[in-house]
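In my numbering, the protein residues as written are 637 to 767.
No residue lacks a Cβ here, since even glycine has one placed at the ideal position from N, Cα and C.
Remember, it's a predicted structure, so these values are computed and weren't measured experimentally.
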C-alpha cells in the first residue's frame with residue numbers, strides 16, 4: 637500500500653507527460669553515467685524486455701535518450717541519457733523534492749534514515765529470489 641501511495645503522489649508531482657518509469661530510467665542512466673543495453677535495464681527494473689522497449693521508445697521519441705547499435709555485437713543496442721534527458725530528470729527532481737522533503741519532515745529524518753537499511757535489505761532479498 638505504501639508503494640502504491642508513494643507512486644501515486646510522485647506521479648502527480650512529475651512534470652506533465654513524464655511517467656514514473658521514464659523518470660526512473662533517466663535517473664538510473666544519469667547516475668550511472670554510462671550506456672546500458674535494454675536487457676540490462678529490464679533486469680535492473682524487474683520488467684519484461686517488451687515493457688522496457690516501450691519505455692525506451694517513448695524516451696527516445698522525446699529526445700531524452702540515445703539508442704545506438706552496439707558496434708561489437710550488432711544484435712544488441714546501447715542506451716544513454718541525452719543532455720535533454722538530463723535536463724528533464726533535473727526538472728523532475730525539482731518537482732518531487734518538495735514532496736519528499738515534506739514526507740521526511742513529517743516522519744522525521746532519523747526515522748527515515750533508520751528505515752533505509754531495512755528497505756535496502758528487503759529490496760536486495762526480493763530482487764535475488766526471482767533469479
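| query | Under three-state DSSP, which class holds residue 708? | reply | In the chain shown, the residue the question calls residue 708 occupies position 72. Three-state DSSP puts residue 708 in coil, outside helix and strand.
| field | Secondary structure of residue 652, DSSP reduced to three states | value | Taking the chain shown and counting its residues from 1, one reaches residue 652 at position 16. In this structure, residue 652 counts as coil in the three-state DSSP scheme.
| said: Buried or exposed, going by whether 16 or more other CB atoms sit within 10 Å of the CB of residue 658? | reply: The residue labelled residue 658 in the question sits at position 22 within the chain shown. Buried.
| If you count every other CB in all the chains shown that lies within 10 Å of the CB of residue 674, and 16 or more means buried, which is it? | Along the chain shown, read from residue 1 onward, the residue named residue 674 stands at position 38. Classified as buried, residue 674 has 16 or more neighbouring CB atoms from the shown chains inside 10 Å of its CB.
| said: I need the straight-line Cα distance from residue 722 to residue 684, nearest angstrom please. | reply: Counted from its first residue, the chain shown places residue 722 at position 86. Counted from its first residue, the chain shown places residue 684 at position 48. Approximately 25 angstroms, taken between the alpha carbons.
| message | Using CA atoms only, rank isn't needed, just tell me which of 661, 701, 647 and 641 is closest to residue 682. | response | Locating residue 682 in the chain shown gives position 46, counting from the first residue. Ranking 661, 701, 647 and 641 by Cα distance to residue 682 puts 661 first.
| task | Could you tell me which residues DSSP pairs with residue 672 in its beta bridges? | result | Working through the chain shown from its first residue, we reach residue 672 at position 36. BP columns for residue 672 point to 715.
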